[in-house]
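Counted from 1, the sequence shown has number 6 at position 7 by numbering that gives the first Met the number 0; the numbering is strictly sequential.
Report on the structure given below.
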Amino acid sequence: MNQAAILVIDDDAGWRRLLSRLFASCKYNVYCAATCAEGIRLAESRRPDCIVLDFHLTDGNASKVCSRIRSHKDIKNTPIIILSSDPDAELRAYRECRADKFIGKIEPLSKIVTSVESLLNPESAV
């Protein structure tokens with residue numbers, strides 16, 4: 000059983016529900032947030048093993064969340080995967096957010112799971 004924790008930060012309730020069920024079915028502990036502020040609070044208090052973050056949120060964007068996470072001594076090395084339906088967000092995800100991975104929301108869900116697994120277990124990645 001996988002005990003790793005995933006934090007999903009997305010302002011769309013449908014995406015939060017979908018990703019929560021997806022990761023729970025893979026035996027991850029899942030925490031969800033709908034805003035930047037809530038996501039930062041959960042990241043600091045729960046210290047997840049990986050963060051899956053929507054780029055555009057109602058109270059800001061991924062840059063705001065990543066800036067706080069990357070400057071926090073206890074969670075600064077937490078892998079961050081940024082999701083977006085905005086293809087123009089990819090370059091910003093890497094430059095501004097220092098994301099570990101960017102995935103378009105049009106990609107298969109399996110790509111999200113595979114990306115999380117490869118970031119959490121790099122030695123098992125092929």
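We treat Cβ as the ideally placed atom computed from N, Cα and C, and that holds for glycine.
Assigned exposure category for residue 47 - 16 Cβ within 10 Å defines buried: Locating residue 47 in the sequence shown gives position 48, counting from the first residue. So residue 47 counts as buried.
Candidates 93, 90, 50 and 64: closest to residue 119 by CA position: The residue given as residue 119 occupies position 120 in the sequence shown. Among 93, 90, 50 and 64, the Cα nearest to that of residue 119 belongs to 50.
Buried or exposed (CB count within 10 angstroms, at least 16 for buried), residue 42: Translated into positions along the sequence shown, residue 42 becomes position 43. Within 10 angstroms of the beta-carbon of residue 42 lie 16 or more other beta-carbons, which makes it buried.
C-alpha distance - residue 9 paired with residue 72, whole-angstrom precision: Taking the first residue of the sequence shown as 1, we reach residue 9 at position 10. Taking the first residue of the sequence shown as 1, we reach residue 72 at position 73. Approximately 24 Å between the Cα atoms of the pair.
Simplified DSSP assignment, three categories, for residue 105: On the sequence shown, residue 105 is found 106 positions in, with the first residue counted as 1. Three-state DSSP puts residue 105 in coil, outside helix and strand.
Alpha-carbon to alpha-carbon, residue 90 and residue 0: Position 1 of the sequence shown, counted from the first residue, corresponds to residue 0. Position 91 of the sequence shown, counted from the first residue, corresponds to residue 90. Its pLDDT being 46, under 50, residue 0 is placed unreliably in this model, and the coordinates cannot settle the point.
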